[in-house]
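Down below is the structure, laid out as structure tokens.
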Amino acid sequence: MITVHTIAELRAQIAAWRRAGERIAFVPTMGNLHRGHLELVRRARERAGRVVASVFVNPLQFGPNEDFERYPRTLAQDRAGLEQAQCDLLFAPTAREIYPRGMDGLTRIGVPGISTVLCGEFRPGHFDGVATVVAILFNLVQPDAALFGEKDYQQLLVIRRMTADLHLPVEIVGVPTQRDADGLALSSRNQYLSADERPKAALIHRTMQDVAAELRRGNRDYRGLREQAAAALAAAGFRPQYFEIRTPGLDSPKPEEKEWVVLVAAYLGNTRLIDNLRVSS
Ligand code: AMP
């Protein structure tokens, strides 16, 4: 695996592969890689002769009081994992390389509407930061396909919409959420959890499954289901930001709906956890 830190080196390698007629699949990440990220790389391998991953903790997508400074940075370990997963190239740029003129006055990509609900309501500007960096990375890597986890369901929709609206020639592939044995979705932020909090965190998945079972057995009292689920999490010591039942496009569901997404964001101690579950009747 080649590791490059500059845009010039990245572009040179991409151009060589393009000249050789290779297909390129791309996996953007913020590093601290776990089995979920490596599943994206594995699936990328199935789609293209060349796999590029990026590790970049993007300052543009963190709010002023969020965890940008303490976000885990483990590049040597990430490199080893990517190598094992048969990634061809790791792009690990500095913020200066990506934003050489700084972030003030930076050209930004915004996907209105969908970026301001759910997580967007609690993290203003977050999805604009994501859309902007992904557009920049797509422009640099010029992939045929890019893979994103369904774990970040709203992010996946934002990226799909941005790619469609800008007519970017990139196929966006969603990959199912990888979980620990007790159901907790793998996340780089799970390591913020204390030994007491870690077993409790699995309650998010169990609560979503309870709601899914109710939906499947015909319960359409969306509000009641949401409120009961949020109350169950709060009673266990979580501070839920939202517990929502939406259509796959994130609209409010009608009683005759046949497919839903259950979405949760909740703090456990100082750790913000998000998860979601697709449900069909
Ligand atoms: P991150 O490094 O957290 O920005 O995530 C990079 C990519 O990995 C995103 O597309 C995430 O949705 C995806 N991802 C993160 N956690 C998981 C997981 N547990 N299962 C599948 N994909 C994941």
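For the sequence shown, my numbering gives the first residue as 303, with consecutive numbering after it.
Glycine is no exception: its CB is placed at the ideal position from the N, C-alpha and C atoms.
Distance between residue j and residue i (C-alpha atoms, nearest Å)
i: residue 449; j: residue 527; result: 32 Å
i: residue 427; j: residue 315; result: 33 Å
i: residue 362; j: residue 461; result: 16 Å
i: residue 567; j: residue 546; result: 9 Å
i: residue 422; j: residue 565; result: 13 Å
i: residue 344; j: residue 387; result: 6 Å
i: residue 502; j: residue 542; result: 14 Å
i: residue 329; j: residue 356; result: 6 Å
i: residue 408; j: residue 401; result: 8 Å
i: residue 405; j: residue 375; result: 21 Å
i: residue 369; j: residue 530; result: 30 Å
i: residue 352; j: residue 491; result: 29 Å
i: residue 325; j: residue 308; result: 21 Å
i: residue 506; j: residue 572; result: 16 Å
i: residue 504; j: residue 437; result: 34 Å
i: residue 269; j: residue 510; result: Since the first residue shown for the chain is 303 and the last is 583, residue 269 is missing from the structure and cannot be characterised.
i: residue 310; j: residue 482; result: 39 Å
i: residue 398; j: residue 371; result: 16 Å
i: residue 555; j: residue 320; result: 44 Å
i: residue 365; j: residue 410; result: 16 Å
i: residue 563; j: residue 520; result: 15 Å
i: residue 367; j: residue 418; result: 18 Å
i: residue 523; j: residue 336; result: 37 Å
i: residue 312; j: residue 382; result: 19 Å
Residue i, enclosing beta strand (DSSP E) - first and last residue
i: residue 330; result: 326 to 331
i: residue 305; result: 304 to 306
i: residue 573; result: 573 to 582
i: residue 542; result: 541 to 548
i: residue 487; result: Residue 487 -> no beta strand (DSSP E), and no H or E assigned at all.
i: residue 419; result: Note, residue 419: premise wrong, no beta strand (DSSP E); not H, not E.
i: residue 368; result: Premise fails: residue 368 is in no beta strand (DSSP E) and is neither H nor E.
i: residue 243; result: No statement about residue 243 is possible, as the shown extent of the chain runs from 303 to 583 and does not include it.
i: residue 565; result: 561 to 570
Sub-8 Å separation of residue i and residue j beta-carbons
i: residue 570; j: residue 539; result: yes
i: residue 392; j: residue 384; result: yes
i: residue 358; j: residue 394; result: yes
i: residue 430; j: residue 412; result: yes
i: residue 477; j: residue 360; result: no
i: residue 333; j: residue 380; result: yes
i: residue 480; j: residue 341; result: yes
i: residue 472; j: residue 445; result: yes
i: residue 544; j: residue 458; result: no
i: residue 582; j: residue 561; result: yes
i: residue 485; j: residue 508; result: yes
i: residue 349; j: residue 447; result: yes
N-terminal and C-terminal residue of the alpha helix (DSSP H) that residue i is part of
i: residue 338; result: 337 to 349
i: residue 314; result: 309 to 321
i: residue 271; result: With the chain running from 303 to 583 in the structure shown, residue 271 is simply not present.
i: residue 536; result: 524 to 537
i: residue 359; result: Careful: residue 359 lies outside any alpha helix (DSSP H) and carries neither H nor E.
i: residue 503; result: 499 to 503
Closer than 7 Å: residue i CB and nearest the ligand PLP heavy atom
i: residue 545; result: No copy of the ligand PLP appears in this structure; the ligands present are the ligand AMP.
Whole-number beta carbon distance between residue j and residue i, since they are thought to touch under 8 Å
i: residue 322; j: residue 346; result: Actually they do not touch by this definition, with Cβ atoms about 18 Å apart.
i: residue 515; j: residue 577; result: Not quite, the Cβ-Cβ distance comes to about 16 Å (not below 8 Å), so this is no contact.
i: residue 390; j: residue 443; result: In fact, because the Cβ distance is near 12 Å, the residues do not count as touching under 8 Å.
i: residue 440; j: residue 470; result: 6 Å
Next item on the list: Entirely within the region 372 to 409 and at least 4 residues each: give me those alpha helix (DSSP H) ranges in chain order.
Entry: 377 to 386 and 397 to 400
Check: Considering only residues of the region 442 to 470, which uninterrupted alpha helix (DSSP H) runs meet the minimum length of 4 residues and lie entirely inside it, listed in chain order?
Finding: 455 to 467
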